[in-house]
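Structure first, then comments.
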């Protein structure tokens with residue numbers, strides 16, 4: 001019987017460490033180190049760096065919070081555009097005067113209904 005040759009992935013010559021790097025283990029760099037290194041190197045305007053990558057917008061809708069209590073608000077009053085959590089808050093929202101409603105909308109950053 002002939003001795004079978006070892007598969008290429010089991011050959012000892014390919015398993016030896018990189019002669020350039022030697023037996024040095026790979027070290028991890030923190031984000032701060034990566035950003036500092038990027039600032040020191042000369043980059044062109046068109047080069048992609050770690051800090052120049054922009055994330056796409058999220059597919060998950062933003063959470064809405066009640067203007068009265070701060071709890072998660074599944075409902076919006078169609079008249080005043082205030083967000084509320086339950087029926088008790090809805091009664092409070094409907095009884096608010098227009099100046100307080102405008103104040104709550106301004107706090108949230110929504111456009112005024114005036």
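Numbering (the working numbering), first residue to last: 1 to 114. We treat Cβ as the ideally placed atom computed from N, Cα and C, and that holds for glycine. Note that the structure is a prediction, hence the values are computed from the model and not measured.
Exposed unless 16 or more other CB atoms sit within 10 angstroms - verdict on residue i
| i | result |
| --- | --- |
| residue 31 | exposed |
| residue 72 | exposed |
| residue 27 | exposed |
| residue 101 | buried |
N-terminal and C-terminal residue of the alpha helix (DSSP H) that residue i is part of
| i | result |
| --- | --- |
| residue 109 | Premise fails: residue 109 is in no alpha helix (DSSP H) and is neither H nor E. |
| residue 35 | 31-40 |
| residue 93 | 87-95 |
From the options, residue whose alpha carbon lies closest to that of residue i
| i | options | result |
| --- | --- | --- |
| residue 105 | 83, 95, 92, 47 | 83 |
| residue 35 | 26, 52, 72, 44 | 52 |
| residue 77 | 59, 54, 55, 96 | 96 |
| residue 103 | 72, 81, 44 | 81 |
| residue 67 | 40, 93, 26, 29 | 93 |
| residue 49 | 39, 57, 107 | 39 |
| residue 110 | 55, 64, 69, 90 | 64 |
| residue 90 | 75, 98, 100 | 75 |
| residue 98 | 88, 79, 108, 86 | 79 |
| residue 69 | 86, 41, 58, 47 | 86 |
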